[in-house]
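Just below is one structure, and these are the notes that go with it.
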Amino acid sequence: MIFADLGLGVQVVKVTVEVDCTPLEARQFFGLPDVQPMQERVMKELEDKMMENMERYSPEGLMKTWFSSMPQNAEWFRDLFSGVLDPARSKKT
1 MIFADLGLGV QVVKVTVEVD CTPLEARQFF GLPDVQPMQE RVMKELEDKM MENMERYSPE
61 GLMKTWFSSM PQNAEWFRDL FSGVLDPARS KKT
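Just so we're aligned: 55 in the UniProt record's numbering is position 55 of the sequence shown, and the numbers increase by one with no gaps anywhere.
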């Protein structure tokens with residue numbers, strides 16, 4: 001506790017209170033709603049959606065998507081990688 005005299009007959013007291021509690025206890029103390037069940041449902045739904053789309057974002061799934069929409073992409077990738085792997089060939093073109 002700190003006491004201070006600001007002059008003009010005014011005195012100020014500064015008090016520091018430290019509370020040790022869990023986040024759940026703090027929410028209950030302040031009357032906030034318990035959002036844990038809702039958060040668990042949202043996280044489960046997010047996980048389900050991610051697992052449904054996992055195949056689509058695998059390396060094989062991405063290649064299928066890129067090559068099925070534009071067949072010339074396969075040729076472009078082939079030329080790109082052959083240039084990287086064979087520097088002598090890339091200098092000729």
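The beta carbon of each residue, even a glycine, is placed where N, CA and C say it ideally should be. These numbers come from a predicted model, not from an experiment.
- If you look at Val-13, you'll find it in the beta strand (DSSP E) that goes 10-14.
- In this structure Arg-41 does not touch Asp-34 by the C-beta definition: roughly 13 Å separates them, more than the 8 Å allowed.
- Here DSSP, grouped into helix, strand and coil, assigns Gly-83 to helix.
- Of the candidates Arg-56, Met-38 and Pro-23, the residue whose Cα lies closest to the Cα of Gly-31 is Pro-23.
- For Leu-8 and Gln-39, the gap between their C-alpha atoms comes out near 54 Å.
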